[in-house]
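So for the sequence shown, the working numbering puts the first residue at -8; every next one is plus one.
These notes are about the structure you will find just below.
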Amino acid sequence: MSEQYPITLDILWSLSFNHDIQEQLRTNRSFMNKLARLKEECNNEKMRKITFGLLWNLESSHQDRTILEITDEKIFDIMISYSHKDEIICQTIYEELIKKGYRVWIDYDQIHGNVMDAMAQAIERSHIIIICMSEQYRKSNYCRAEAHYAFQRELKIVPILLQEHYKPDGWLLFLIGQLLYVDFTKYEFSRAMELLIEELKAPCVQETRVIPVQYKQDKTLVCSSTSELSKLPENIIDWTQIDVQNWLIGSNLRQMARLLTDFDGPSLNNLYDLIVRTEPQQILSLFHDDCSRKINESISLLELARFRTLLNERQGSIKVNKLIKKSNIILNLLTHCRMM
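Right, here's the structure in full:
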């Protein structure tokens, strides 16, 4: 059992980049205790890497590294962050950069011990991070953690594209934003290296970081609805019409509550599936027609967007709880087996 790759934990690691899911996992003490025990007892390298990565997202200790462990000394000019599927070309890039006199960190000859601590130290001791973009890079939780921590530490980010026809998406697209990248699939290697050197030498332009504004909630609304929301069945399928109305009103979705007066849990779940599968413009048109006909109002775009967001969160929470239960079963089995 200990030699099998636990896909459930890897999925949880992926989900744990979301702040709300972090809180949900972090407050499950049984799960956290088993995860901590697995970190100490498991000798399977792949399992240990996932466990360290998941704990890295859930524990706040690395957020205090600024005071306790981070040194101002920059040992490396550049850190190369890559998927091991692209190891051959990344090694060639590494060797070319070394020839140019750069001090470069790359994990195949530097890493040791706790992979997350080694990653953090490399980022903290580097000026620039080269993000080697590919589909495999975007899918890797470890690469995501690496890139995210580099962003937090405000390293200069230089993206390069290694996979032909791949367009950055998901978290990777959000991370690189409008940054220019060097396309190693478009140019001869020597020319791509010249362009990369130019980007490395270019002065770093500090981006304006957007700070989210915290709005005060209406306390009377929260107080009157919190107790009702806490009584709702976990699965939307089990909700009655009254449960749906309590959830909508408690979530301050007043217009949706008037529009969906006859909806029970299965109906709401079917509506969610329709929203997910249908183009946004078509959904907007359908809701607009229903609002005009049933309650003689124009649909609120803000409320419709919030409705979809809260449904996403509710469905995500159910998936997380199922994964936690499955993970606890796996962890129980692992802790009762001799680690190989």
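Where is the CB? At the ideal position from N, CA and C, for every residue including glycine.
- A distance below 6 Å between beta-carbons, with the five flanking residues on each side excluded, links residue 137 to the following residues of its chain, in chain order: 72 and 110.
- One Cα belongs to residue 105, the other to residue 169, and the distance between them is close to 33 Å.
- Counting along the chain, residue 122 sits inside the beta strand (DSSP E) bounded by residues 117 to 124.
- Boundaries of the alpha helix (DSSP H) around residue 21: 20 to 32.
- At a Cβ-Cβ threshold of 8 Å, residue 135 and residue 115 do not count as neighbours.
- Bounds of any alpha helix (DSSP H) do not take in residue 68; it lies within the beta strand (DSSP E) bounded by 67 to 72.
- Residue pairing from DSSP leaves residue 228 without any beta-bridge partner.
- The residues 93, 94 and 118, in chain order, have a CB closer than 6 Å to that of residue 68 in the same chain once the five nearest residues on each side in sequence are set aside.
- For the pair residue 186 and residue 178, the CB atoms are nearer than the 8 Å cut-off.
- In this structure, the beta-carbon distance from residue 190 to residue 149 falls below 8 Å.
- Assignment of residue 152 by DSSP, reduced to helix, strand and coil, places it in the strand class.
- Counted as a single uninterrupted DSSP element, the alpha helix (DSSP H) harbouring residue 43 occupies residues 36 to 49.
- Counting along the chain, residue 82 sits inside the alpha helix (DSSP H) bounded by residues 78 to 90.
- Segment contact: the stretch 291 to 302 against the stretch 240 to 247, three or more CB-CB distances shorter than 8 Å; contact assigned.
- One thing to note: residue 235 has its Cβ within 8 Å of the Cβ of residue 254.
- Counting only the Cα atoms, residue -1 lies some 12 Å from residue 7.
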